[in-house]
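Structure record follows, encoded as structure tokens.
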Amino acid sequence: MNILLVCACGASTSILVEAMKNALTESEADWFIEAKSIQEVKESVGKYDVILMAPQIRYQRKMLEEIAAPYDIRVLDIDSVAYGTCNGEKILNSVRSL
1 MNILLVCACG ASTSILVEAM KNALTESEAD WFIEAKSIQE VKESVGKYDV ILMAPQIRYQ
61 RKMLEEIAAP YDIRVLDIDS VAYGTCNGEK ILNSVRSL
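Under the working numbering, the letters of the sequence shown match residues 1 to 98, in that order.
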């Protein structure tokens with residue numbers, strides 16, 4: 001599973017990426033998780049299975065969905081509480097349930 005976290009600058013989601021990596025199970029060891037700013041998404045969107053969108057950029061959902069649609073990539077909101085508390089496990093559970 002290749003997961004992209006997107007926020008305004010990529011900084012806050014970078015911290016969350018580490019929390020998510022720490023919550024991966026042994027069977028998920030090959031999962032790839034990274035963070036990028038919304039400006040960087042177009043350059044590399046095709047290599048991801050899912051895009052997780054930070055709460056502060058939800059207003060740009062339509063644009064992200066349009067970018068992801070040709071690649072059949074799901075765009076999901078990151079739960080605000082999980083984002084604020086850096087709960088990598090809860091965020092991974094939203095991906096695991098796909």
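No residue lacks a Cβ here, since even glycine has one placed at the ideal position from N, Cα and C.
Option nearest residue i by Cα separation, candidates the options
i: aspartate 49; options: Ala68, Ile15, Lys21 and Thr85; result: Ala68
i: valine 6; options: Arg74, Glu89, Pro70 and Ser97; result: Arg74
i: alanine 54; options: Lys21, Val81 and Glu18; result: Val81
i: leucine 4; options: Thr85, Ile38, Glu28 and Glu66; result: Ile38
i: valine 17; options: Tyr71, Thr85 and Leu98; result: Thr85
i: lysine 47; options: Tyr59, Gln60, Glu89 and Phe32; result: Phe32
Residue range of the unbroken beta strand (DSSP E) whose run includes residue i
i: asparagine 93; result: Per DSSP, asparagine 93 belongs to no beta strand (DSSP E); it is in the alpha helix (DSSP H), 88-96.
i: leucine 76; result: 74-77
Residue i - partner residues in DSSP beta bridges
i: cysteine 7; result: Ser37
Extent of the continuous alpha helix (DSSP H) to which residue i belongs
i: threonine 85; result: 80-85
Length-filtered (3 minimum) beta strand (DSSP E) runs lying within the region 28-63:
32-37 and 50-53
Pairs of beta-carbons, one from the region 20-30 and one from the region 57-68, closer than 8 angstroms: are there three or more?
no
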